[in-house]
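Following: one structure in structure tokens, then a few remarks.
Number of protein chains: 2
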Amino acid sequence: MSLTYINLSREQLLKELERVLSKERFEHVLRVEKAALSLAKRYGCDLLKTSLAALLHDYAKEFSDATFYQLMTDYQLPQELLAWNNAIWHGQVGIYAIKTKFGLKDSTIIEAITYHTTGQKKMSLLAKILYVADYIEEGRAFVGLDRVRALAKQHLDQALALQTAQTLAYLLKNQYPIHPKTLETYNAFLPHLKAIKSTNLKETL
Amino acid sequence: MSLTYINLSREQLLKELERVLSKERFEHVLRVEKAALSLAKRYGCDLLKTSLAALLHDYAKEFSDATFYQLMTDYQLPQELLAWNNAIWHGQVGIYAIKTKFGLKDSTIIEAITYHTTGQKKMSLLAKILYVADYIEEGRAFVGLDRVRALAKQHLDQALALQTAQTLAYLLKNQYPIHPKTLETYNAFLPHLKAIKSTNLKETL
Numbered sequence: 021m022s023l024t025y026i027n028l029s030r031e032q033l034l035k036e037l038e039r040v041l042s043k044e045r046f047e048h049v050l051r052v053e054k055a056a057l058s059l060a061k062r063y064g065c066d067l068l069k070t071s072l073a074a075l076l077h078d079y080a081k082e083f084s085d086a087t088f089y090q091l092m093t094d095y096q097l098p099q100e101l102l103a104w105n106n107a108i109w110h111g112q113v114g115i116y117a118i119k120t121k122f123g124l125k126d127s128t129i130i131e132a133i134t135y136h137t138t139g140q141k142k143m144s145l146l147a148k149i150l151y152v153a154d155y156i157e158e159g160r161a162f163v164g165l166d167r168v169r170a171l172a173k174q175h176l177d178q179a180l181a182l183q184t185a186q187t188l189a190y191l192l193k194n195q196y197p198i199h200p201k202t203l204e205t206y207n208a209f210l211p212h213l214k215a216i217k218s219t220n221l222k223e224t225l
Numbered sequence: 021m022s023l024t025y026i027n028l029s030r031e032q033l034l035k036e037l038e039r040v041l042s043k044e045r046f047e048h049v050l051r052v053e054k055a056a057l058s059l060a061k062r063y064g065c066d067l068l069k070t071s072l073a074a075l076l077h078d079y080a081k082e083f084s085d086a087t088f089y090q091l092m093t094d095y096q097l098p099q100e101l102l103a104w105n106n107a108i109w110h111g112q113v114g115i116y117a118i119k120t121k122f123g124l125k126d127s128t129i130i131e132a133i134t135y136h137t138t139g140q141k142k143m144s145l146l147a148k149i150l151y152v153a154d155y156i157e158e159g160r161a162f163v164g165l166d167r168v169r170a171l172a173k174q175h176l177d178q179a180l181a182l183q184t185a186q187t188l189a190y191l192l193k194n195q196y197p198i199h200p201k202t203l204e205t206y207n208a209f210l211p212h213l214k215a216i217k218s219t220n221l222k223e224t225l
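Line order of the protein sequences matches chains U and H.
Residue numbering for the first sequence follows the numbering used here, beginning at 21 and increasing consecutively.
Residue numbering for the second sequence follows the numbering used here, beginning at 21 and increasing consecutively.
As structure tokens, this is what we get:
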């Protein structure tokens, strides 16, 4: 199987991923691909693009901070990125390394990877699928996950909305910084959050 | 007592406030002034400016939506304000009516009123005092308030940080939109939130 959108075969890509990622993260990536493909079939998204977005999404996750600083310099990225950390950089900065390394040019895949941690106001079906799949893949385990998993089978936007609200609650409770894009996603998908038929959403949050 | 920074005496201003505000809100405004003056004495802020910022902060709170739309048009304010509501407008839009009506020109007072609902990244002492006083005034009653009141006597930035985190949690739990400025305040004051000596902050949030 060739991946079409990059300059490697699937086998070559998997080898490269195994080389740069820890065993745990490599397996996470495969589980995200599985979850994403399941959603792609359910909602009618291109399966090849879905595979590729999933396989590449954490490629930069284990880059050193020094590598990210170098990328920000090389590509003259906005100064405001300096205020953030790996959680943001592996998407928004890492994508520049991914594009170069793999010859990736597809704008939908690029955008999905860039904002897979935070989401954003307007998201393609592929971006939604990657964002949700990364959260619900079968290796994850935390409070509130079952509800998002169940919603993801029925209503992707509602799953995305609840995931974002739960992420905000998690960041807040743990006194972590919250990226403006995460808030943007929360506000944009708020109508879907409100539409969830639920009896104990407040407890989940 | 003349208020110096506006074209009315204190008595005239109080009469005007009574005219445009409901009895409940007028009394809230007086309680905010009391709380703000107490903080101003504790932290060394100009008492006259503090009084005036407190007395004027909710002047536009009972304006109709139509009035806010008119102000946005008249002053050509950013389109993005349209996505918000009274909670944001009475500060960020109302300030234009307040400046005109009272001949208010002091930039510190203007900024404190403009962002009294959301805070922002950089806040003057006056802005901090108004933001916190509005939250802790003696008529308020909600979970987590006692802790902010206690902190406000010892460490204004920590009180402000906790207030903002609690506000975010409240908005999230009630599925309300969250303004980017509120998030900006949370992120900017996060070091102060982390510095709070506390055993059960997670429960409060």
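Yeah, the Cβ is synthetic: ideal placement off N, Cα and C, and Gly gets one too.
Note that this is a predicted model, so its numbers are computed, not measured.
Residue burial classification, residue i (beta-carbon count within 10 angstroms, cutoff 16)
i                           : result
phenylalanine 88 of chain U : buried
glutamate 38 of chain H     : exposed
alanine 117 of chain U      : buried
asparagine 27 of chain U    : exposed
aspartate 94 of chain H     : exposed
valine 163 of chain U       : exposed
glutamate 53 of chain H     : buried
lysine 214 of chain H       : exposed
glycine 64 of chain H       : exposed
lysine 148 of chain U       : buried
glutamate 131 of chain U    : buried
glutamine 186 of chain H    : buried
glutamine 99 of chain H     : exposed
threonine 70 of chain H     : buried
alanine 80 of chain H       : buried
alanine 153 of chain H      : buried
threonine 10 of chain U     : For chain U, the structure presents residues 21 to 225; residue 10 of chain U sits outside this window and is missing.
threonine 184 of chain H    : buried
threonine 205 of chain H    : buried
alanine 208 of chain H      : buried
alanine 86 of chain H       : exposed
alanine 161 of chain H      : exposed
Beta-carbon proximity list for residue i, same chain, < 8 Å, skipping 5 on both sides
i                      : result
serine 42 of chain U   : Glu82
serine 84 of chain U   : none
glycine 123 of chain H : Ile26, Asn27
leucine 57 of chain H  : Leu67, Thr70, Ser71, Ala74
Rounded Cβ spacing between residue i and residue j (contact assumed at less than 8 Å)
i                        : j                         : result
glutamine 178 of chain U : leucine 171 of chain U    : 5 Å
arginine 167 of chain H  : leucine 182 of chain H    : 6 Å
leucine 72 of chain H    : isoleucine 129 of chain H : 6 Å
histidine 199 of chain H : tryptophan 104 of chain H : 7 Å
leucine 75 of chain U    : leucine 33 of chain U     : 6 Å
lysine 173 of chain H    : arginine 30 of chain H    : Rounded, the Cβ-Cβ distance is 27 Å, inconsistent with contact.
leucine 176 of chain H   : leucine 59 of chain H     : 7 Å
glycine 159 of chain H   : histidine 77 of chain H   : With a Cβ gap of about 15 Å, glycine 159 of chain H and histidine 77 of chain H do not count as contacting.
tyrosine 135 of chain U  : glycine 111 of chain U    : 6 Å
leucine 210 of chain U   : proline 197 of chain H    : 6 Å
Test: residue i CB closer than 9 Å to a CB of chain H
i                       : result
proline 200 of chain U  : yes
tyrosine 135 of chain U : no
alanine 185 of chain U  : yes
leucine 33 of chain U   : no
leucine 210 of chain U  : yes
Any C-beta of chain U under 9 Å from that of residue i
i                         : result
lysine 214 of chain H     : yes
asparagine 207 of chain H : yes
glutamate 204 of chain H  : yes
alanine 189 of chain H    : yes
glutamine 195 of chain H  : yes
leucine 192 of chain H    : yes
Residue i CB to nearest heavy atom of the ligand NAD below 8 Å
i                      : result
leucine 180 of chain U : This structure lacks the ligand NAD; in fact it carries no ligand of any kind.
Nonlocal neighbours in the same chain, by C-beta distance under 6 Å from residue i, ignoring five residues either side
i                       : result
arginine 169 of chain H : Ile156
tyrosine 151 of chain H : His136, Gly139
Close Cβ partners of residue i (< 7 Å) along its chain, the five nearest in sequence each way excluded
i                           : result
phenylalanine 46 of chain U : Leu37, Glu38
threonine 24 of chain U     : Leu68
Evaluate the contact criterion for the region 201-211 of chain H versus the region 140-153 of chain H: three or more CB pairs, one atom per stretch, below 8 Å.
For the pair of segments examined, the region 201-211 of chain H was found to touch the region 140-153 of chain H: the number of CB pairs separated by less than 8 Å reaches three.
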